[in-house]
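Just below is one structure, and these are the notes that go with it.
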Amino acid sequence: MSEELDLNYFKKRLTVRYQSILADKKAQQKNSAPKQLDQTSVGRLSRMDAMQQQQMAKASARLMDMERRRIETALKRIEEEEYGYCILCDGEIAKKRLEFDPSLLTCISCAQKAENQ
Ligand SMILES: [Zn+2]
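Numbering (the working numbering), first residue to last: 20 to 136.
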């Protein structure tokens with residue numbers, strides 16, 4: 020690795036983020052349950068609002084789930100001393116990219132290719 024990565028630093032950030040995702044998930048599950056109950060008391064418009072909110076919550080839950088899985092992989096790759104290398108092309112991931120989001124598993128060019136598909 021030409022650029023020395025401080026693995027402890029990234030591991031710490033990944034772990035902190037991971038725990039906050041798990042906590043968020045728990046909170047979300049708690050919040051989503053009682054919504055069904057007041058269906059009779061809300062009007063049509065606010066019901067649509069509630070549906071929209073639910074959709075958004077679902078979408079963000081999916082994103083969070085993806086991030087959670089990326090973090091799991093990233094942590095595993097730290098253990099295996101593969102962290103910092105792109106899972107697709109094996110090239111180095113720019114340190115700046117990892118500092119921005121330590122859970123990123125691909126280099127910039129692979130990420131761009133994936134986006135353009
Ligand atoms: Zn790559």
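Cβ coordinates follow ideal geometry from the N, Cα and C atoms, glycine included. None of the values given here were measured: they were computed from a predicted structure.
(request) Would you kindly check if the distance between the Cβ of Leu24 and the Cβ of Tyr102 is under 8 Å? (result) Yes, the pair counts as a contact, with Cβ atoms nearer than the cut-off.
(message) Using the three-state DSSP reduction, which class does Tyr28 fall into: helix, strand or coil?
(response) The answer is helix: DSSP assigns Tyr28 an H, G or I state.
(message) Taking its Cβ as the centre, do 16 or more other Cβ atoms sit within 10 Å of Phe29, making it buried, or is it exposed?
(response) Answer is buried; the Cβ neighbour count reaches 16.
(request) For Glu111, write down the residues that DSSP places opposite it in a beta bridge. (result) Per the DSSP secondary-structure output, Glu111 pairs in a beta bridge with Tyr104.
(request) Check whether the Cβ atoms of Ile127 and Arg116 sit closer than 8 Å, and answer yes or no. (result) In contact: Ile127 and Arg116 (Cβ atoms closer than 8 Å).
(request) Give the straight-line distance between the Cα atoms of Ile97 and Glu86, rounded to the nearest whole angstrom. (result) Here the C-alpha atom of Ile97 lies approximately 16 Å from the C-alpha atom of Glu86.
(request) Say yes only if the C-beta of Leu124 is nearer than 7 Å to one or more non-hydrogen atoms of ligand 1, and no if none qualify. (result) At a threshold of 7 Å, Leu124 does not count as near ligand 1, since its beta carbon sits no closer than that to any of the ligand's heavy atoms.
(message) Is Leu107 close to ligand 1? I mean its beta-carbon at under 7 Å from any heavy atom of the ligand.
(response) Judged by the Cβ position, Leu107 qualifies as a neighbour of ligand 1 at the 7 Å threshold, a heavy atom of the ligand being closer than this.
(message) Quick check on this structure: which residue in Lys132, Pro121 and Val35 has the alpha carbon closest to the alpha carbon of Ala93?
(response) Among Lys132, Pro121 and Val35, the Cα nearest to that of Ala93 is on Pro121.
(request) For Cys129, name the three-state secondary structure that DSSP assigns. (result) In the three-state DSSP reduction, Cys129 falls in the helix class (H, G or I).
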